[in-house]
Structure formats: structure tokens, C-alpha cells
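Protein sequence lines, in the order shown, are assigned to chains A and B. Sequential numbering from 5 applies to the first sequence in the numbering used here. Sequential numbering from 5 applies to the second sequence in the numbering used here. From the three backbone atoms N, C-alpha and C, an ideal C-beta is built for every residue, glycine too. Data block below; observations after.
There are 2 protein chains.
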Amino acid sequence: MAERATMRDVAALAGVSLKTVSRVVNNEGSVSPDLEARVTRAAEQLRYRHNIAASNLRSGQRSRAVALLVQDLSNEYSAILLRAVSDVARDRGIVVLSASLDEEEGRERELVANFIGRRIDGMIMMPATTDQSYLQPDVAAGFAVVMIDREPRGLSADSVVVDNVEGAERATAHLIRHGHRRIALVSDDPRVVTAQDRRQGYERALSASGIALERQLVRSARTVGGSMDQVRELLSLDDPPTAIFAARNTSTAGAAISLKRMGKSHLVALVGFDELQLAELADPGITTLAQDPAHVGSVAVGLLLDRLDGQSEPPRVLTLPTALTARGSGEIRPPD
Amino acid sequence: MAERATMRDVAALAGVSLKTVSRVVNNEGSVSPDLEARVTRAAEQLRYRHNIAASNLRSGQRSRAVALLVQDLSNEYSAILLRAVSDVARDRGIVVLSASLDEEEGRERELVANFIGRRIDGMIMMPATTDQSYLQPDVAAGFAVVMIDREPRGLSADSVVVDNVEGAERATAHLIRHGHRRIALVSDDPRVVTAQDRRQGYERALSASGIALERQLVRSARTVGGSMDQVRELLSLDDPPTAIFAARNTSTAGAAISLKRMGKSHLVALVGFDELQLAELADPGITTLAQDPAHVGSVAVGLLLDRLDGQSEPPRVLTLPTALTARGSGEIRPPD
DNA sequence: CCGAGTTGTGACATCGTTGTCCAGGACCAC
DNA sequence: GTGGTCCTGGACAACGATGTCACAACTCGG
């Protein structure tokens, strides 16, 4: 296998010194046109590829790489987020690494260690750990961190969140306003902070209307399939709910599919937290209370780049709004 | 801002030589337990983070980083692909960079140059260029490339594809079998190779049944919104199509939304190429002819890792199957 | 108690690049 | 012709790490 050409090889072929090649490659300017042409030709001839890692090592520059750590890259929320982050990064010549944490603490620590070992400049993370104080020394050493979806714990870092409690309360109140009093909650794993917040919002809305919390109407599941099962069980209760608040996009998808398979899409109301790309296509359309993941992404990467540009104010928490879009499923009224 | 500790600092604190620290960090074994403990303690105390880039530079090891270049990371197809690639990579301690090309040749070349400059080990790519011969010298230097969705041109590299012509022909034939003769095609930008292939399959199916190609029924659009517009136009023709073959997931989504808004979901048949996560939720469910992106991803990364493990057979082309899933929209019969 | 073999440790060069600094030629004014 | 400035080019060390090799300090058989 052919070895890669280095600056030394280029210099030898062009008959100049190593440093002159470096000057040409970095466009430092102070090289005569004649020599510059010779160097450029030699580089092309040898298919020279500048080694960015070596360059960064020597020059002490930033690596121009950042990471995005989310729960699940295949979730459409994360996919849109990644796209938004990548677009902003690319405009600045920054590359993006990404990974899925699946809410596993060990995986977060392992991936973070790997990324920091590669000396990336910063990271946008939807944390899986409950405490991120282990990152404090790295942040002190200039590593930029922005949390999304959840505020940092034990770490001073910027974050971009939505008001999950308020949003869930609003979504649940929407169902109550349409006459429901038996409202089920289908949410994510209760260990997840956002799931706890959304449950709290759900409970607040109920108690604000004097509705007692019924334990059997509160369900959780981590996957679409799991949510389908929970909804099937809910609807076969003796006294089934007349409405469902699905606190996450996978829960909403599962609930909607279950309702459709049971032929109850038009009978049981459904409001989902988070957007679903094809929410409009379902029949009835699925009412959602959504945040805009592209906005979250661009705001988060903006905060990150600010820090890399030397911003040193105290950490900021940006709370983005959520919007309720009525499409039909959330406006179904309870039977008589 | 605190500078990061280096091995030199750790060595000084532990009172040993640099090389001994290196031995401990790399677990080379031949260090006495006593010294090893001192080194470990010093490393923790200084929050030492091993510099992987410097280590790779010196040792000449691979970087254990690969890239995934797709058209659009926010497309659910790409998101699932990325997730599958990441999962396999993570099991081997390999990190994944990703980027969207948006079918722009310049962006492909720019991103590839950046990634190769970072000395990543290999790349899985849905190419935007029509000719990838510019990569040949890098492949010769040990850079592994696997193409997905499209075969490489001007480059010997492995690829993972589906038979687009055959798939499109099968999808179109499905509509013909249900009695349609005026079948519209809504596809991606005609410069995209897969769009050309799928159009060819569409035409083959028509001519196999003696149906003349009608130019005005052949449309293309790059986005969901564009596809919606095309479908709206198609249905307001004097002699509108009774069925639509949407040759890509964004086209399918656009077509389905347009049909729903026009109240024609149950009147005009629709078959889409590629899966849509909520295809089942639409009313009627959307009939699709799909490939499995997770499978494409794991097969592609498998080929890539094989090459990195030294596999040197001639390039392979793996053709994966597509499956037609009837959900209702593709089985609508034409009026009268 | 010696010589051979085994272990553990460190000095040094090196990976591919860039920052620093100096040499020397061209040019100008005097 | 001299002295100063400007510009270009190159020697050298360094970034943070590891491979090579040499050399102490052991062990152990005889």
C-alpha cells in the first residue's frame, strides 16, 4: 500500500524547504509566485493531503470538530436537530461527530471520554447521566458544553430547553377543555427527567380541574411497540380513558397506531408532545404540542460557537416555546 | 484558562519518566504495580486526558473514525442508516462523522477533503458527484470507501444498492394490475441517478402493458413542498391521473398530503418508493415499496470494516431486496 | 559468587506539521 | 559604495505522544 506523501516529500520534489511548503499550504503569502507554483504542482503530483491532526497538534489551534450526543439518532427529532447543527457547523468549517446514548450513563461517559481524547472543541448533549460534574475539569480547560432538552446538573454549562411542565399542562388542559375527565398518560421511562416533568404538568392540569389522578391511567414505555401495548391495555380496562396524552413522539406514534388498529381513532382523543412529521396524514390528523427541533439545534450550536469565540458570561438557560397544533385528534369529545 | 496536563506533567508528578506513563496509559504491562499506582494517581489528580490525535500521529495507527455522507441527514431514511452505522462502529470503538450533501458536487469534494485531511479511516457515501475518480489515490493509500444507494463511477469501491429499476417497475406494475392506465410519476431531481433508474422502471412497466408514456404525467420535485405542488397540478389537469407512483419518500409524503388536502386520498391510488415511518397511520395506509435502511447501514459498515481489516478482494456490489407492503392506498381502483 | 537470562526503566529519535528566528539578496537613498 | 529596510527562504525546536534500544537491577543455576 502506497504511503501518503508528506510536506517533506513535496518540498523535495519542488526543491524547496519544508517551511516553504507549509507557507504555501497555509497561504501565508510571503512566497514568490514562481516557488508557489512549483510547490502547488509538486503537491498535486504527489496527491498531497494536508494532515489536519498534525497541524492542530503543532499549532495548538482548535480541532474544528464538535459532537452531538442524543438519545437516539434515528428519532426524527434528533435527525432534524443533527441536520440543523451540521448546517451551522459546516458554514464555519466545523465537522460534527454524533452518537446515540439510549439513556445509558455508561455509554455517555465512554463516548465523552473518547471525544475529549480526540480533542474536539465542544459538544451538544442530551445527557443520560443525572450528574455531569465529571465534565467540570474539561469545561475549565476550554471544552464547551451545551445541554439540550435538560438542564445540566453539577456543571456550569449553557442549555436549551422547553418548559416541559407547562407544555404538558397545556396539552392536558386542552383535552380537559374538550370535555375529558378520564385522560391517560403514556410517557417515556420515568427515570428520564423530561418524562418526570411532563408527568408533573399532566398532574397539575388534572388537579387544577379537580380531577383525581388514577394510577392505572398512567403508563410508560420506551419504544413505539411498548406504547402500542400500553394503549391496547388502557382501552381494554373496564372503565377506559376517553383521551390520551402521549408525552413523547414515540409514545404518540404507538398510541396512534394502536388506536387505528382498534378502529378507535375517531373515538378516543389524542394529544402528543413533540412533532411527528406525518401528523397531518393520520385520520384524524394528530394534535401535537411541539417544539421546533431545527430551532433547538441552531440555537444550541449558536451558544456553543459563542463559547468557542471566547464568550465567558455565566451559563445561560434558553427556554424555547412550544406550540399546540390542533389537527383533529385532540378535539374529539368524549362519548355522551 | 487552565492548560491541559500532558504525559510529561503526569510523569513529573509521579516522579517517573515519560515513557513509563505511556506504558501505563497503554496498558503495556511491564510496569511494577507500585509505579503503576503512582502514575494512575498522578493522572487522576491532574485530570489527564490521553491525546488520541497525538498518539495516532506517532504510532501510525488508524484513527478509528469513519464518515457517513448522505443527501440529507434529516430524512428518516438517512437517520435510520446513521443509527445503524453508529451502532456497529461503536461496538468497535470507532466514532462517526456525518454530513449532508444535498446533491451538491462541490460540497461533496469539500467535505471529503476535510475528512481525509483528518485522516479518517473510511467513508460510507451516497455520492453527489457523477464521477468519484478523484478518490482513487486515497483509496490506493488505504482509505476505505463504500457507496450506498448508487454504484461508484471511476472508482473501485464496494457498494450496497437496491435494484431501483426493478423496484420501480414492480411498484408501477402493482398499480397497473389494479386497473390503472393513467399513472403519474413524481420523482426526485432527474439529475440524480436513482431518480433516473426509477423513472426507467416506471417506463418499462408502462410499455410492458402497452401504455404510452405521457410527458405531462411525469413530474419531479426535490422537497415535500415541491411534490405537493406537482400533485396539485397533476390532479387539476383536464384528464388527471388515477394513480401516482412517488419515487422517493419525500415525494410520497408530499403526494399523500396533497391528496388528503384535496379530499382525494380514497380516490387516487398511491404507491411510494422507500418506507415512511407512519405509512400505516394515513387513511388509507400508504402502500410502499421499501428497502430497509438499517440493513443497508449495517451491511455497508460491515463491508467498510472488512476493508479496514485488510480484505483486498475486488470490489463487491451487494444488491439488497425491496419489499412491497400493501396498506390500502396502492389498491384503490380507478373510477368506473 | 559468577555469568546468563529476565524484568523494569529511561534516553532519544520520531510522527507531520508550524512558530521562531536568522541569513542573505534585492532595493533604495544617500 | 555604504547602510538600512524589506522580503524570501531555511534551520531548528517544538506540539504530545510512542517505538527502539540500551542499561540497570534483579533472579537463578551451577
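query: Selection from A:THR176, A:GLU237, A:SER224, A:LEU238 that minimises the alpha carbon distance to A:SER211; result: A:THR176
query: Residues of the segment 57 to 78 of chain A with Cβ closer than 9 Å to any Cβ of chain B, in chain order; result: ALA57, ALA58, SER59, ASN60, LEU61, SER67, ARG68, ALA69, ALA71, ASP76, LEU77, SER78
query: Under 8 Å by beta carbon: chain A residues contacting B:ASN118; result: ILE56, GLY97, VAL99
query: Residues near B:LEU221 in its chain [Cβ-Cβ closer than 6 Å; skip 5 each side]; result: ALA188, PRO245
query: Any chain B beta carbon closer than 8 Å to A:GLY4; result: Because chain A is modelled from 5 through 340, residue 4 of chain A falls outside the range shown and cannot be assessed.
query: Within-8 Å CB hit, A:ASP13 to chain B; result: no
query: Distance CB(A:VAL89)-CB(A:GLY301) smaller than 8 Å; result: yes
query: Separation of A:LYS23 from A:HIS54, as counted between CA atoms; result: 14 Å
query: Exposure of B:ASN253, with buried meaning 16 or more beta-carbon neighbours within 10 Å; result: buried
query: Counted within 10 angstroms of its Cβ, other Cβ atoms place A:GLU32 as buried (16 or more) or exposed; result: exposed
query: Helix, strand or coil at B:ARG174 [DSSP, three-state]; result: helix
query: Status (buried if at least 16 other CB within 10 Å, exposed otherwise) for A:GLN75; result: buried
query: Strand pairing of A:SER191, partner residues [DSSP]; result: A:SER224
query: B:GLU112 at chain A interface by Cβ criterion, 8 Å; result: no
query: Chain A within 8 Å of B:ARG195, Cβ atoms only; result: no
query: Pick from A:ARG157, A:ARG42, A:ILE180 that is closest to A:LEU50, judged by C-alpha positions; result: A:ARG42
query: Chain-ordered residues of the segment 298 to 326 of chain B with a beta carbon less than 9 Å from chain A; result: ALA298
query: Short Cβ contact (8 Å threshold) for B:LEU293 with B:THR256; result: no
query: Beta carbon proximity, B:ARG185 to chain A, threshold 8 Å; result: no
query: Near-chain B residues of the segment 225 to 245 of chain A - C-beta to any C-beta below 8 Å; result: none
query: Beta carbon proximity, A:ALA46 to chain B, threshold 8 Å; result: no
query: Per-residue contacts from B:LEU285 into chain A (C-beta, under 7 Å); result: ALA260, ILE261, LYS264, LEU282, LEU285, ALA286
query: Neighbour list for A:PRO141 in chain B, Cβ cutoff strictly below 7 Å; result: ARG51
query: Reduced DSSP secondary structure (H/G/I, E/B, other) of A:SER240; result: coil
query: Cα-Cα separation, B:SER36 to B:LEU309; result: 36 Å
query: Amino acids of chain B, ordered along the chain, whose beta-carbon sits closer than 9 Å to that of A:GLU80; result: SER78, GLU80, ALA83, GLN281
query: Given B:GLY332 as reference, the closest of B:ALA283, B:ALA47, B:ALA161 once Cα atoms are compared; result: B:ALA283
query: Contacts that B:LEU274 makes with chain A (C-beta to C-beta distance below 7 Å); result: None at all; the shortest Cβ gap to chain A is about 11 Å.
query: Rounded separation between B:VAL92 and B:VAL305 - CA only; result: 7 Å
query: Strand pairing of B:MET151, partner residues [DSSP]; result: B:MET129, B:SER163
query: For A:ILE120, the first and last residue of its enclosing alpha helix (DSSP H); result: 109 to 121
query: Residue environment, A:THR323, which counts as buried when at least 16 other CB atoms sit within 10 Å; result: exposed
query: Start and end residues, beta strand (DSSP E) containing A:ILE248; result: 247 to 250
query: Exposure of B:ASN60, with buried meaning 16 or more beta-carbon neighbours within 10 Å; result: buried
query: Residue span of the alpha helix (DSSP H) that contains B:SER255, given as start and end; result: 253 to 265
query: From A:GLY121, A:SER104, A:MET151, residue whose alpha carbon lies closest to that of A:SER163; result: A:MET151
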